[in-house]
Each structure stands twice: as C-alpha cells, then as structure tokens.
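Residue numbers (the numbering used here): 7 to 488.
For glycine and all other residues, C-beta sits at the position ideal for the given N, C-alpha and C.
Before any comments, here is the structure.
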Ligand code: SF4
Ligand code: FE
C-alpha cells in the first residue's frame, strides 16, 4: 500500500535513528528545524503520488506484484518508464526547489536488480532472488531507501586493500553462517535521515584482492552500529531564527550526512554481492548512469524555479522589458532545456538488460551529467546578474520587522510601485538560497559533484565514445585505405 505523506512522516518518527548535528545526538530527528525541510521534500514524493493529476508520472504498476506503486520504487520496464522517471523528477524539482532525495534509492534498485541477475548467471549465486524479495517489500511498504555508494577512499592512488587504514572502503570484517559483519563509512549520504533503509554498493571497480570490499546489501537505517553525522550547509542556522523570508525556501530543503557502519550485521537474505569483485564495476557504472540521467530531471525542475525567480526579480525592479534581461532569460531557458533534452534522450535510447529491466544509454547519460556540471553554474551566474547585489547585501528579516527601521527600509528599498518590499525580499532570498544558500547543496555544487565529479563522466565518455568507429567513418569519406 502506498503511504500518504503523513504516514511517511510517522513511519520515520518510529525509527530509532542515531543522528548527530552540531556535535550532539538528536532526540527528535523529525521535528528538528534544520532537518525538517529535507524531510518535507521526501514527503512531497508521497504527497504528489496521491494527486490524481500527477498519477501517471508519480505512480505505476509493479511488474512483480501487479500492485500500484510509487514510481520511486519501480524497476523500469520500458523506455517509456525511463522518460517518465525524468519527467517525475523535473516535476518534483519544480515543486520543492531542492533535492527530494528519494532518487538515490530508485537508481540503486535498478542497478542492483540487473547486476544481481548477471552475477547469479555467472556464479550460480542467489543474489537476484534476495533482491526480488527485498524490492517487493520496498514496494509494498512504500519505503524510502538511501543508496550508499561513496566511500571515503583515503589515498586516491591506492586500491581498497592497499589503504593504510583498511576501513577507508566499506568492507566485510567477519563472515558468519547467518550473514556478514561490515565496517566502514559512506560519505555525502543524501536523505539518509529520511530513509527507512540504506542500500550499500561498492564505490569503484575492483580487483581480485579486494574481495572483502565487493559487498552490496541493505539494512534498516536504525540498525545497531549505524549512525549519521549531518553535513553542514551554508546558512543552515538561519532555519533556527524562526522567520520564513531569509531562509529563501522555508518549506523544503535537502540533507546530506556521513553514515558510519560500526560493525553492522547483515543477514544472508539481504546480501546482493559478496566477493564477486568482477561485478563491482558493473554495479557502479549502472548506478552512476541512472543517477546521471536523474540530473537531467531534478536539476531542470530546480532550474525552472530559479529562472522564474530571476524573471520575478526583474519585474519587481522594473527591468523586465530591458532587452538584455529578456536575452538572459532566454539563455537560461536554453541551457535548462538542453539539460532536459539530455535526460530525455538517454531515456529514449534505453535498452533492456539481461534481467529485462531497462537501462539508459550510458554515453548520453554521461553527456547529460557533464553538461549539468556546467550549465547550472551559468544559469546561477545569469540569475545573480539579473537579481542585482541586493540579494546578498539586504538587511535581515528582523530589521524589516523593527518599527524604527522599517519605514526607512521600505522607503529606500522600494522598487516598482505597488510591489511590496516583502515580496521583493522573498524572491531575492529564494535566488540567494538556490545559488549560495542551503539549496546550493542540491543545485549548484551538487551539479558539479553529485552522481560523480566531472572527470568520472569524461572517463565514461572516453570509453563509450567509439573514436575508432569515428576514424573509420573519416577514412571512408576521405577514401583512405591502409
Ligand atoms: Fe534526486 Fe536530484 Fe537529489 Fe539526486 S540530486 S536525489 S536525482 S533530487
Ligand atoms: Fe544527488
């Protein structure tokens, strides 16, 4: 049964999460003012699934049970599914103007589903069966699952087994009849405090000596030995001030954290890879590919909000009709839609894997993400250009509420007559939030490093680009025979 947004919140409240923020363990994770907006963003993935007008994008039918499910728990069955995934992400980006976090798990499900099928085929293992039981449970319970890939990695020039500290990549430290015990950490865990389970995957392709590191599994986020240290975001303490203007987006946000696995037990039926080092690379490549596709949806939706905010700020300042402003808005739109075109195209060019689940076109997905490492920066630059300096120099919300100061601020910060100062400040603070503030984690900087830093895509583009095939084309046209 799909959960309502409220049921989702209560289900997270029931977890015994061990979460640290500003050096202290939180007693109440769900109502914490710094974390709550990020929980609200995940809640939106439940709220919008319940709206009839968004049913087609937000829900689908499970190919395993025939039941109606949230699309965030779907195993893609066609290119149409892949396209709808991207459109769903754009929609939620538009509605939350932040990272709604639930895609990491969705992308992990799809990578692990098809990879386990191929591991079993090669080794006679039963990981795919384990995963089928797991994903059926996820769909039935409508869980949010965090995909966990990024290990700390220590000295980047060394493989996992050669690191000075053997725990710098998450690894198996004990093998028991009923399962394994794992130790390590996963960095930048998007949405980890808002997830029911954490689905762990290896972070790089591995060699035969890295057996203990080639491990994939899922455990509840409140398992014994799992704890989370929340990442700092710029301007995060503004959320403690009690106002709703200076935060820019008071309802929604994103969160990331370091997740520590301090000798965590994983039962056999939740293990999806265990020592088959030659398949670690496939799992990583597929997960990264799906998440690079995702950015052609979510970042475009957030970009839509930023373009709208820039246009509004121009309207409020009376420069809406200036030709250079119009042209900047055109440029922002062009860049944003180019990202969407990439997200859609790698979906259209998708193909079935051996398991039957659909995979995106890897080259185009990597091109998509490579563009995402650049275009949002230019979109932000143009938004800042249009917004003007006031976006970072304006006095605080409290000053506007101070009776002695308010008349002066209202007199001197007035833009176009008839537009309230409050509305002008609201839109400027939203632009600040998206370009420099807490949402920059989910928009600007995440565009650079989320789903892999630029160089990771360039390696994939080199591998997929088929330069020899292109040389052959040139030879043919130039009538070169060697
Ligand atoms: Fe989803 Fe985008 Fe956030 Fe990744 S960055 S979890 S794709 S919203
Ligand atoms: Fe991300």
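Given residue i as reference, the closest of the options once Cα atoms are compared
{"i": "residue 292", "options": "26, 78, 122, 36", "result": "122"}
{"i": "residue 283", "options": "233, 378, 214, 174", "result": "214"}
{"i": "residue 24", "options": "306, 469, 230, 331", "result": "230"}
{"i": "residue 431", "options": "211, 249, 201, 33", "result": "249"}
{"i": "residue 202", "options": "221, 152, 166, 165", "result": "152"}
{"i": "residue 247", "options": "40, 83, 449", "result": "40"}
{"i": "residue 180", "options": "110, 439, 221, 414", "result": "221"}
{"i": "residue 183", "options": "157, 272, 147, 334", "result": "272"}
{"i": "residue 154", "options": "457, 56, 316", "result": "457"}
{"i": "residue 391", "options": "330, 38, 471", "result": "330"}
{"i": "residue 98", "options": "46, 75, 81", "result": "46"}
{"i": "residue 224", "options": "118, 125, 124, 51", "result": "118"}
{"i": "residue 32", "options": "136, 233, 317", "result": "233"}
{"i": "residue 398", "options": "219, 216, 7, 241", "result": "241"}
{"i": "residue 313", "options": "389, 281, 187, 381", "result": "389"}
{"i": "residue 323", "options": "337, 393, 438, 270", "result": "393"}
{"i": "residue 290", "options": "264, 211, 281, 270", "result": "211"}
{"i": "residue 73", "options": "481, 186, 147, 178", "result": "147"}
Euclidean distance between Cα positions of residue i and residue j
{"i": "residue 376", "j": "residue 343", "result": "15 Å"}
{"i": "residue 356", "j": "residue 321", "result": "42 Å"}
{"i": "residue 4", "j": "residue 192", "result": "The chain is shown from 7 up to 488; residue 4 falls before or after that span and cannot be answered."}
{"i": "residue 96", "j": "residue 306", "result": "6 Å"}
{"i": "residue 197", "j": "residue 488", "result": "56 Å"}
{"i": "residue 311", "j": "residue 91", "result": "19 Å"}
{"i": "residue 164", "j": "residue 369", "result": "27 Å"}
{"i": "residue 140", "j": "residue 85", "result": "24 Å"}
{"i": "residue 286", "j": "residue 93", "result": "30 Å"}
{"i": "residue 167", "j": "residue 18", "result": "36 Å"}
{"i": "residue 450", "j": "residue 483", "result": "43 Å"}
{"i": "residue 348", "j": "residue 453", "result": "14 Å"}
{"i": "residue 341", "j": "residue 30", "result": "42 Å"}
{"i": "residue 105", "j": "residue 479", "result": "42 Å"}
{"i": "residue 378", "j": "residue 173", "result": "32 Å"}
{"i": "residue 436", "j": "residue 256", "result": "9 Å"}
{"i": "residue 43", "j": "residue 14", "result": "14 Å"}
{"i": "residue 4", "j": "residue 360", "result": "With the chain covering only 7 through 488, there is no way to say anything about residue 4."}
{"i": "residue 276", "j": "residue 143", "result": "12 Å"}
{"i": "residue 251", "j": "residue 429", "result": "9 Å"}
{"i": "residue 209", "j": "residue 130", "result": "24 Å"}
{"i": "residue 218", "j": "residue 350", "result": "38 Å"}
{"i": "residue 81", "j": "residue 288", "result": "17 Å"}
{"i": "residue 400", "j": "residue 353", "result": "43 Å"}
{"i": "residue 409", "j": "residue 395", "result": "25 Å"}
{"i": "residue 245", "j": "residue 404", "result": "14 Å"}
{"i": "residue 134", "j": "residue 126", "result": "7 Å"}
{"i": "residue 327", "j": "residue 333", "result": "10 Å"}
{"i": "residue 132", "j": "residue 279", "result": "9 Å"}
{"i": "residue 447", "j": "residue 239", "result": "7 Å"}
{"i": "residue 38", "j": "residue 21", "result": "15 Å"}
{"i": "residue 216", "j": "residue 169", "result": "11 Å"}
{"i": "residue 159", "j": "residue 35", "result": "29 Å"}
First through last residue of the beta strand (DSSP E) which encompasses residue i
{"i": "residue 189", "result": "185 to 192"}
{"i": "residue 413", "result": "No beta strand (DSSP E) holds residue 413; the alpha helix (DSSP H) holding it covers 412 to 418."}
{"i": "residue 268", "result": "263 to 273"}
{"i": "residue 66", "result": "65 to 67"}
{"i": "residue 381", "result": "Careful: residue 381 lies outside any beta strand (DSSP E), inside the alpha helix (DSSP H) at 381 to 393."}
{"i": "residue 222", "result": "221 to 226"}
{"i": "residue 93", "result": "From DSSP, residue 93 is part of no beta strand (DSSP E) but of the alpha helix (DSSP H) over 85 to 102."}
{"i": "residue 232", "result": "232 to 236"}
{"i": "residue 153", "result": "151 to 154"}
Anticipated Cβ contact below 8 Å, residue i with residue j, distance rounded
{"i": "residue 319", "j": "residue 422", "result": "That pair is no contact at about 11 Å."}
{"i": "residue 157", "j": "residue 111", "result": "Incorrect: roughly 18 Å between the Cβ atoms, too far for contact."}
{"i": "residue 443", "j": "residue 260", "result": "With a Cβ gap of about 11 Å, residue 443 and residue 260 do not count as contacting."}
{"i": "residue 206", "j": "residue 26", "result": "Contact flag wrong, Cβ pair sits at about 20 Å."}
{"i": "residue 294", "j": "residue 462", "result": "7 Å"}
{"i": "residue 176", "j": "residue 267", "result": "6 Å"}
{"i": "residue 87", "j": "residue 66", "result": "7 Å"}
{"i": "residue 52", "j": "residue 10", "result": "6 Å"}
{"i": "residue 427", "j": "residue 440", "result": "Actually they do not touch by this definition, with Cβ atoms about 21 Å apart."}
{"i": "residue 335", "j": "residue 316", "result": "7 Å"}
{"i": "residue 299", "j": "residue 366", "result": "5 Å"}
Boundaries of the alpha helix (DSSP H) in which residue i is found, first to last residue
{"i": "residue 278", "result": "No alpha helix (DSSP H) contains residue 278, which is instead part of the beta strand (DSSP E) from 277 to 280."}
{"i": "residue 141", "result": "133 to 147"}
{"i": "residue 334", "result": "329 to 354"}
{"i": "residue 460", "result": "460 to 470"}
{"i": "residue 114", "result": "109 to 129"}
{"i": "residue 179", "result": "Looking at the DSSP string, residue 179 is not in any alpha helix (DSSP H); the run it does join, the beta strand (DSSP E), is 177 to 182."}
{"i": "residue 405", "result": "403 to 407"}
{"i": "residue 321", "result": "286 to 323"}
{"i": "residue 53", "result": "42 to 53"}
{"i": "residue 370", "result": "368 to 378"}
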